[in-house]
Amino acid sequence: MPELPEVETIKNTLEQLVLGKTIARVQVDLPRIIRHPAVDEFQQIIEGKSIDAIKRRGKFLLFQLTDNWTIISHLRMEGNYGLFKSDEPVAKHTHVTFQFTDCTQLRYRDTRQFGTMDLVNTSDVANHKSIANLGIEPFDPNFTEQYLYDQIIKKQKSIKAVLLDQDIIAGIGNIYADEILFRSKVSPMVATNKLTKEDIGNICKNTKLVLKEAIKVGGSSIKSYVNGLGKMGMFQQQLLVYKQDGKPCVVCGEEIQKTRTAGRGTHYCPNCQK
DNA sequence: ACGATAGCCTGATAGC
DNA sequence: TGCTATCAGGCTATCG
Numbered sequence: 000m001p002e003l004p005e006v007e008t009i010k011n012t013l014e015q016l017v018l019g020k021t022i023a024r025v026q027v028d029l030p031r032i033i034r035h036p037a038v039d040e041f042q043q044i045i046e047g048k049s050i051d052a053i054k055r056r057g058k059f060l061l062f063q064l065t066d067n068w069t070i071i072s073h074l075r076m077e078g079n080y081g082l083f084k085s086d087e088p089v090a091k092h093t094h095v096t097f098q099f100t101d102c103t104q105l106r107y108r109d110t111r112q113f114g115t116m117d118l119v120n121t122s123d124v125a126n127h128k129s130i131a132n133l134g135i136e137p138f139d140p141n142f143t144e145q146y147l148y149d150q151i152i153k154k155q156k157s158i159k160a161v162l163l164d165q166d167i168i169a170g171i172g173n174i175y176a177d178e179i180l181f182r183s184k185v186s187p188m189v190a191t192n193k194l195t196k197e198d199i200g201n202i203c204k205n206t207k208l209v210l211k212e213a214i215k216v217g218g219s220s221i222k223s224y225v226n227g228l229g230k231m232g233m234f235q236q237q238l239l240v241y242k243q244d245g246k247p248c249v250v251c252g253e254e255i256q257k258t259r260t261a262g263r264g265t266h267y268c269p270n271c272q273k
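Going by numbering that gives the first Met the number 0, the first residue of the first sequence is number 0, and it counts up by one from there.
Shown next, in the form of structure tokens:
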């Protein structure tokens, strides 16, 4: 599941592959992926444009095209991009194909069909409904213990639900939420108003740390994730609790447990995380 | 206003 | 073996 480190890695790899290329044609095989505008308008506007820049905001990929157009792309669970020669066999679940003028094509694949694309004016991206309410970027210098404290002290929900809330911090998903909380020695189920300042400081620090480490090794390949070059990430080897239920905790040896919190599978050490 | 939850979707896996 | 049920999870819509 692409979270911030995976989307960042995809962005970095795609930059090397498609920046400056001109799109000749767009083929859409699953119209549902294109939320806005209508598919024919989506195709018509994009054709002839070139890719000027690729950005990331939270888990969103932003393809900036010429003439003030941006494709806002969300990969959800299993969306991915890859560059292929036009005559290479097309893999199953390929839903959108951007044919470039140089006989290569960027293909969007998505087994679960959950991903979305929106084509909007670049100048309107910040106000787009899926972007406008996003919370702070974890690497923003303004993301501090104080910021987090102010944001969550009034909330009634669990800290896990808070970390998953994209309107508070943008980019954390289920894998990294569990890892951040384990490293912070905080139970996922604990209500935010029960946390100490020290807990919140640790969560803030470990958020930056874990995400940075994961980006360094290209993200976590848990299910189908590969980067724009088709390469797997390596951070799954450094996961200490996610999908580790039944195994001994690396710190205390107690068995890692799995429960359901905030509607998500949640992994933690009952001894280390109080 | 806010928090909790169903639904979207396919493939892997568990259970009978 | 082969079928069915369950789970995985980010986000949106909907409910209380």
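For glycine and all other residues, C-beta sits at the position ideal for the given N, C-alpha and C.
Counting along the chain, Val124 sits inside no alpha helix (DSSP H), nor does DSSP assign it H or E at all.
Spanning the alpha carbons of Gln150 and Ile171 requires a straight line of approximately 16 Å.
Around the beta carbon of Pro140, fewer than 16 other beta carbons sit within 10 angstroms, so the residue counts as exposed.
Between the beta-carbon of Thr12 and that of Gly252 there is about 38 Å, and that puts the pair past the 8 Å contact cut.
In this structure, the beta-carbon distance from Phe59 to Ile130 falls below 8 Å. Assigned with DSSP and collapsed to three states, Thr21 falls in strand. With 16 or more neighbouring CB atoms inside 10 Å of its own CB, Ala176 falls in the buried class. Between the region 113 to 130 and the region 178 to 193 there are fewer than three C-beta pairs closer than 8 Å, too few to call the two in contact. If the five residues before and after Asp198 are omitted, its C-beta is found closer than 7 Å to the C-beta atoms of Ser183, Val185, all from its own chain and listed in chain order. Secondary structure at Ile221: coil, using DSSP grouped into helix, strand and coil. For Leu194, there is no enclosing alpha helix (DSSP H), as DSSP marks it with neither H nor E. Residue pairing for Arg55: DSSP places it in a beta bridge opposite Leu60. Taking all protein chains shown into account, Ile255 has 16 or more neighbouring C-beta atoms within 10 Å of its C-beta and is therefore buried. Annotation: the continuous beta strand (DSSP E) that includes Asp109 extends over 103 to 109. Partner residues in the beta bridge of Phe99, as assigned by DSSP, are Ile22.
Each residue's CA atom was taken as its position, placing Thr206 and Tyr80 some 26 Å apart.
Considering only Arg56, Gly57, Gln26, Ile32, the residue with the shortest C-alpha distance to Gln43 is Gln26.
Beta-carbon to beta-carbon, Ala90 and Arg108 are separated by about 6 Å, close enough to satisfy the 8 Å threshold.
By the neighbour-count definition (other C-beta atoms within 10 Å, threshold 16), Cys268 is a buried residue. Scanning Leu210, Gly262, Ala160, Gly218 for the CA closest to the CA of Ala190 turns up Ala160. Excluding its 5 nearest sequence neighbours in each direction, Ser122 has C-beta neighbours in its own chain below 8 Å: Asn67, listed in chain order. Per DSSP, Leu82 is one residue of the beta strand (DSSP E) stretching across 78 to 84.
Short of 7 Å from the beta carbon of Val216, and not among the five residues preceding or following it, lie these beta carbons of its own chain, in chain order: Gly232, Met233, Phe234.
Under the criterion of beta carbons closer than 8 Å, Ile168 and Ile214 do not qualify as touching, at roughly 16 Å. Put simply, of Lys20, Gly57, Cys271 the residue whose alpha carbon is nearest the alpha carbon of Ile71 is Gly57.
In this structure, Thr65 lies near Ser49, with their beta-carbon atoms less than 8 Å apart.
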